[in-house]
Amino acid sequence: MKKKLLIALGAVFGSLLLLTVIGLIVGEEPPADTAADSKPASAVKKDEKSDVKAEIATLPDMTGKGLQTAQDEAQAAGFFGLVSHDALGRGRLQALDRNWKVCSQTPRPGEHSIESDIDFGAVKLEEQCPGKDIAEPPTAGESMPDFAGKAVSVARRSLDGGASITVNDISGEDRMVLIESNWKVCGQQPAAGAALNGQPITFSAVKFEESC
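In this note's numbering, the protein residues as written are 19 to 230.
Dropping the structure here:
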């Protein structure tokens, strides 16, 4: 009888010990992250839509405004990828923005991603905007392009960097051509369409406000 009692007590003690060990193991498990699970799916989707909407802003119409003002207003609207170019195709840099006005803008006014690059076509304040931006001539290939009426600066940039180029003033005043973006091509040698094989190139030019 005593032996059976000891066996029964041993069994009870063993069961209690096993339950204690299991309780310790379960107690060491990290608590479930209920915060994320408790958030409704609709709330998650709403947050995602809010993030997308925050990346869209309205770009105003900047045409006719001073370039500096246009840039300031674009930044105030949330756009910071701003560039500009010479709308007359003369390749001039807009070194002093207040001296230029906006003729065109890409993209057009409206809603756009705030990561969009905004490109303003501009002319100097005293100049007239062209009907549409005048493109610079492409890089010359094996034949001579027609540079008539183009700025000497963009003509030079279109040709090989190692080309031997001479620019002559044909106004009769024998002036030096210092700022080539202020001069336009009246004549050229070799002629348009001639093969380019490394021969020297000559441009005759006058200032843009003058007649050839």
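No residue lacks a Cβ here, since even glycine has one placed at the ideal position from N, Cα and C. Here the structure is a predicted model, which means the values were calculated and not measured.
query	result
Where the alpha helix (DSSP H) containing Q86 begins and where it ends	L85 to A94
Distance between S102 and S161 (C-alpha atoms, nearest Å)	30 Å
DSSP three-state assignment for S229, whether helix, strand or coil	coil
Contact check, D115 vs Q93, beta carbons under 8 Å	no
8 Å Cβ cutoff met for R175 and I183	no
Beta-carbon spacing of F267, V170 below 8 Å	The shown model of the chain, from 19 to 230, leaves out residue 267, and the question about it has no answer.
Buried versus exposed, by CB contacts within 10 Å (16 or more), E198	buried
Secondary structure, beta strand (DSSP E): runs of 3+ residues fully inside the stretch 160-204	183-187
Range of the contiguous beta strand (DSSP E) that encloses I74	I74 to L77
Status (buried if at least 16 other CB within 10 Å, exposed otherwise) for M80	buried
Reduced DSSP category for D135 - H, G, I as helix; E, B as strand; rest coil	strand
Neighbour-count burial assignment, Q207, 16 or more Cβ in a 10 Å radius	exposed
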